[in-house]
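Everything below concerns the one structure shown next.
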Amino acid sequence: MQPDHGTEEPTEVEIYVDGASRGNPGPAGIGIVLKLDSRTVCFKRFIGNKTNNEAEYLALLEGLKLAISVNAKKVKVFSDSELIVKQLKGEFSVKETRLSKLYSEVKELERMLDVEYFHIPRESNKLADELANEAIDENR
Numbered sequence: 233m234q235p236d237h238g239t240e241e242p243t244e245v246e247i248y249v250d251g252a253s254r255g256n257p258g259p260a261g262i263g264i265v266l267k268l269d270s271r272t273v274c275f276k277r278f279i280g281n282k283t284n285n286e287a288e289y290l291a292l293l294e295g296l297k298l299a300i301s302v303n304a305k306k307v308k309v310f311s312d313s314e315l316i317v318k319q320l321k322g323e324f325s326v327k328e329t330r331l332s333k334l335y336s337e338v339k340e341l342e343r344m345l346d347v348e349y350f351h352i353p354r355e356s357n358k359l360a361d362e363l364a365n366e367a368i369d370e371n372r
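For any residue, its number in this note's numbering is found by taking its place in the sequence shown, counting from 1, and adding 232.
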């Protein structure tokens, strides 16, 4: 019998996501902070010219993919985008064509996870915001 070294992947994670766009549309980046057990994983990427709402959705998509990659089952998503959170909770409809495609992709990933969405103040999402902006700055 092998000793357990705590290598079992977590079943619950917290994800803080943020998207940033300068110009709206303009140069954009995403930032994700994934918290699992006592570990924190940070991720950032430049995503080209996008609107701020597209960037928010793309950050969420990447965050959900990261959660799936660590075998998470339950995911708590924290975002400072009230629009995105309310759309995903069914409180707001998705009217923009570009966003409806991203919304559908999120809903597809949700089928693999138990996801809960929380709207948080911008100040509570500073690290994800910094990562998204760094991604833009590093690609100028």
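Note that the Cβ used here is the ideal one computed from N, Cα and C, for glycine as well.
Q. Straight-line CA distance for isoleucine 316 to asparagine 285?
A. Taking the straight line from one Cα to the other gives about 7 Å.
Q. Where does asparagine 303 fall in DSSP's three states?
A. Shown here, asparagine 303 sits in coil according to DSSP, grouped into three states, outside any helix or strand.
Q: For my contact list, serine 253 and lysine 276 are in at a C-beta cut-off of 8 Å; report their separation, rounded to the angstrom.
A: 14 Å between Cβ atoms; not a contact.
Q | alpha helix (DSSP H) runs contained entirely in the region 234-291, provided each spans 4 or more residues | A | For the region 234-291, not a single whole alpha helix (DSSP H) run of length 4 or above is found.
**Q.** Range of the contiguous beta strand (DSSP E) that encloses aspartate 361
**A.** Counting along the chain, aspartate 361 falls outside any beta strand (DSSP E), though it belongs to the alpha helix (DSSP H) covering 358-369.
Q.
Rounded to the nearest angstrom, what separates aspartate 250 and leucine 296 at their Cα positions?
A. When rounded, the separation of the alpha-carbon atoms in aspartate 250 and leucine 296 is 13 Å.
(Q) Please report whether the beta-carbon of glycine 280 lies at a distance below 9 Å from any beta-carbon of chain D. (A) The chain labelled as chain D is not found in the depicted structure, where only one protein chain is given.
Q: Quick one: residues in its chain with C-beta nearer than 6 Å to the C-beta of histidine 237, no 5 flanking neighbours on either side, listed in chain order?
A: With a pLDDT of 45 at histidine 237, under the threshold of 50, the modelled position of this residue cannot be trusted; read the value that follows with caution. Beyond the five residues adjoining it in sequence on each side, histidine 237 comes within less than 6 Å, by CB distance, of no other residue in the same chain.
Q.
Helix, strand or coil, according to DSSP, for arginine 372 in the structure here?
A. Look at arginine 372 here: in three-state DSSP terms it is coil, with no helix or strand label.
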